[in-house]
Amino acid sequence: MGWQAVQEQLGQRADLDEDDVAAVWYALGAVGGSADDAEWAAQRCVDAAFERISYYLEGATLARPLEVDTADPVVQAELRWQTMALDLLENEGATSAVVSRLRA
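For the sequence shown, this note's numbering gives the first residue as 2, with consecutive numbering after it.
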């Protein structure tokens, strides 16, 4: 099954707007050459990382400052991975070796 068929199947899911699913959907569009989809995929991955922060006490009504959340190790790890991936792709291109490394 090619990337287009997978993207089409994802596009039919009820949870397409969930950040993790949407990130994959947009990433598949980026595989097809869409720079806009690449940007959206990166943004949805960061959004998903913010959702994985577990810091609120049950019943909390106030959010923490964005700087505090951005400094969380989960978010920082996602930002580091994206920077590493971008550097690899810019410097070495989308070779099979780079693609394998990014999948690991």
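Think of the CB as a built atom: it goes at the ideal place given N, C-alpha and C, for glycine as much as any other residue.
Taking the Cα positions, Phe51 is about 32 angstroms away from Met2.
Taken through DSSP and simplified to helix, strand or coil, Pro66 comes out as coil. Cβ-Cβ distances below 7 angstroms link Gln8 to Trp26, Leu29, Gly30 in the same chain, with the five nearest sequence neighbours on each side left out; the list follows chain order. Note that the C-beta distance between Leu17 and Ala23 is below 8 angstroms. Counting only residues of its own chain and dropping the five nearest sequence neighbours on each side, Trp41 has a CB closer than 7 angstroms to the CB of Tyr27. In this structure, Leu89 sits near Leu103, with a CB-CB distance shorter than 8 angstroms. The shortest CA-to-CA distance from Arg45 to any of Gln83, Leu63, Ala72, Pro74 is the one to Gln83. For Thr84, the uninterrupted alpha helix (DSSP H) segment begins and ends at 74 to 93. For Leu29, the enclosing alpha helix (DSSP H) starts and ends at 20 to 32. For Gln13, no alpha helix (DSSP H) run applies, since DSSP gives it neither H nor E.
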